[in-house]
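Undergrad: Quick note: the sequence shown uses this note's numbering, first residue -8, plus one each step.
By construction, the Cβ of each residue, glycine as well, lies at the ideal position given by its N, Cα and C atoms.
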Amino acid sequence: MNSDEKYDVITCWHSLEHIHEPWIYFDKIRTHLNPDGVLVVALPNYNSTMRKDMG
């Protein structure tokens, strides 16, 4: 995200746990969200039923 573009929705799927300094990441995301924009974050859940069923 090196542009000045703004977005209504930014998604982050199963990647946040790999980021060393997430506060820097969130600061950068905030600059690219429209005022009423939404950040949608999905994190893995080790105890989830899907993980238990799929291995």
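For Val31, tell me which candidate among Glu(-4), His9, Ser39, His5 has the shortest Cα-Cα distance.
TA: Against the sequence shown, residue 31 aligns to sequence position 40. Comparing Cα positions, the closest option is His5.
Undergrad: Below 8 Å on the Cβ atoms is my contact criterion, and I expect Leu24 with Lys(-3) to pass it. Report the Cβ-Cβ distance as a whole number of Å.
TA: Working through the sequence shown from its first residue, we reach residue 24 at position 33. Working through the sequence shown from its first residue, we reach residue -3 at position 6. Contact flag correct, Cβ pair sits at about 7 Å.
Undergrad: According to DSSP, simplified to helix, strand and coil, what is Leu30?
TA: One-based indexing of the sequence shown puts residue 30 at position 39. Three-state DSSP puts Leu30 in a strand.
Undergrad: Near Thr2, which residues of its chain fall below 6 Å by C-beta distance, leaving aside the five closest residues on each side in sequence?
TA: Counted from its first residue, the sequence shown places residue 2 at position 11. Answer for Thr2: Val31, listed in chain order.
Undergrad: From Glu8 to Leu34, what distance separates their C-alpha atoms?
TA: The sequence position of residue 8 within the sequence shown is 17, counting from 1. The sequence position of residue 34 within the sequence shown is 43, counting from 1. Rounded to the nearest angstrom, the two C-alpha atoms are 7 Å apart.
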